[in-house]
Structure formats: structure tokens, C-alpha cells
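Protein chains in written order, with our numbering: chain U, 12 to 125; chain X, 33 to 151.
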């Protein structure tokens, strides 16, 4: 079974803090993704990574950065957290290319910025 | 740009009723993949089905069935004889692909439909 884990289920931070959200997958997947989920908006892609040290902006990258130093780990960084970044953050991974497109998701991190 | 619309924000049914969740999509590509995911209260998205754009055959898996119609750009999901455990948020999603069928990997999600099944 594919396992995607996220470092925290719940996180409370203050405005202006630097925040790290960690995601680890154990299936040797090349591709990894970060989404945020907000009521009425579904999931929106923040950043994704095709492979180690590779990253591409998604639909809403402003205020975020990412790091992929090892294949199994993909970190989302909020350089200076703001209240409008209060949200549920979901990480996903998938095998690269081909038709095996299914993305597997972690349990999510609910971030509150005060 | 691609877009997925789930017009039903919330649906409430009584156990054993059948329920259909609607999904309409927009894409310029001729090759693409469509998905349904379930998000139970625990929060983790659970993959339900993937369908590629060349395969319009409907699919049934137990109480679940999917109706894919390219002519109307719809990929609807029906739960027969609903159960309380079906209560969740359901997402429809789209992934574009190249002519060879290799997906670009990025998913575009609909807004989600909250399904509540009452005993």
C-alpha cells in the first residue's frame, strides 16, 4: 500500500512566522504535489515536483515555496505566514509518466494562522 | 484552461436511497483522465476511479457506478442504496495528457459535493 504521511495533523502559528509542512512518501514516486483545500473552492495546486530538486509552480504559488532534496520528501514553506493562509494542506504523490496517473494523498495538515 | 464543476454543493439523503453526484468538465485536450475521490471525515482523500477520455464505457463497482459522456462533458457518479458510511465529501478531478496518453500529472478539482446519508 502506498503511504503518504504529513508531519502534523494540526498546526497553529502566528502571523509572520516561517512555517514548514513536511510530506514523506514510501513508494519511490517521482512526482509529488502540494494542494490547499478551502470550502467551496475544492483543492487547488500550490506547487509540484517531477523529481528531486525539480519544482514547478501550480495555480496559487504566491506566498509559498517548496524544497525537494530527497525523493521521498517534499516540503512546503510559508516564508511569512499570513491569516489568509489558514487552510487544510494536502500532499500527494504518484508514479511519473505513463498512464499510472493516480495520485495518493496524505491525511492533511490543518493550519491556523493567528 | 481546464475546469471542473460540481454544481451540487450539498446533498442529503436517507439511507437506501440512490444518489447521483454530477460532474461537468472543460478541456481543450482530446486526451485526458477523469477521477473521483472520496474524502471521509478523517480527511484523507481516497481514490475511487480513473477513466481515460477514450473509454466511454460505463463502470460499475458494487454499489458505485459511473456514467461518462463525452458529448455532454460529464462524468457522473451514482451510489445505489446509499449507506451512512457513504457520508463524505466527493471530488471530481481532471488531468490533461499528451497525445500518447501520458498524463501531465496536475489535477484540477471540482469544488466538491458534501453527501450526508441519514439513517
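Virtual Cβ for every residue (Gly too), placed ideally from N, Cα, C.
Span separating the alpha-carbon of residue i from that of residue j
i	j	result
residue 37 of chain U	residue 14 of chain U	6 Å
residue 92 of chain X	residue 52 of chain U	29 Å
residue 103 of chain X	residue 55 of chain X	13 Å
residue 17 of chain U	residue 76 of chain X	11 Å
residue 81 of chain X	residue 120 of chain X	16 Å
residue 38 of chain X	residue 64 of chain U	35 Å
residue 79 of chain X	residue 64 of chain X	17 Å
residue 48 of chain U	residue 58 of chain U	13 Å
residue 23 of chain U	residue 61 of chain U	30 Å
residue 52 of chain X	residue 90 of chain U	42 Å
residue 30 of chain U	residue 88 of chain U	6 Å
residue 41 of chain X	residue 118 of chain X	16 Å
residue 99 of chain X	residue 48 of chain X	20 Å
residue 59 of chain X	residue 88 of chain X	16 Å
Any chain X beta carbon closer than 9 Å to residue i
i	result
residue 113 of chain U	yes
residue 75 of chain U	no
residue 38 of chain U	no
residue 85 of chain U	no
residue 9 of chain U	A question about residue 9 of chain U goes unanswered here, because the residues of chain U that appear run from 12 up to 125.
Residue i versus the options, residue with shortest Cα-Cα distance
i	options	result
residue 118 of chain U	U:107, U:105, U:101 and U:124	U:101
residue 137 of chain X	U:67, U:27, U:21 and U:49	U:67
residue 46 of chain X	X:95, X:115, X:97 and X:128	X:115
residue 55 of chain U	X:53, X:123 and X:106	X:123
residue 95 of chain U	U:40, U:74 and U:20	U:74
residue 80 of chain U	U:21, U:123, U:43 and U:72	U:43
residue 120 of chain U	U:103, U:99 and U:104	U:99
residue 129 of chain X	X:95, X:143 and X:85	X:85
residue 71 of chain U	U:122, U:39 and U:46	U:46
residue 70 of chain X	X:99, X:57, X:109 and X:150	X:109
residue 106 of chain U	U:33, U:115, U:40 and U:21	U:40
residue 145 of chain X	X:59, X:66 and X:44	X:44
residue 107 of chain X	X:125, X:61, X:50 and X:73	X:125
Which residues DSSP lists as bridging residue i, in chain order
i	result
residue 53 of chain U	U:49
residue 56 of chain X	X:37 and X:106
residue 84 of chain X	X:65
residue 61 of chain U	In DSSP, residue 61 of chain U forms no bridge with anything.
residue 42 of chain U	U:105
residue 84 of chain U	U:35 and U:81
residue 120 of chain X	X:147
residue 16 of chain U	U:35
residue 74 of chain X	Per DSSP, none; premise fails for residue 74 of chain X.
residue 44 of chain X	X:148
Minimum Cβ-Cβ distance from residue i to chain U less than 9 Å
i	result
residue 53 of chain X	no
residue 69 of chain X	yes
residue 140 of chain X	yes
residue 74 of chain X	yes
residue 41 of chain X	yes
residue 82 of chain X	yes
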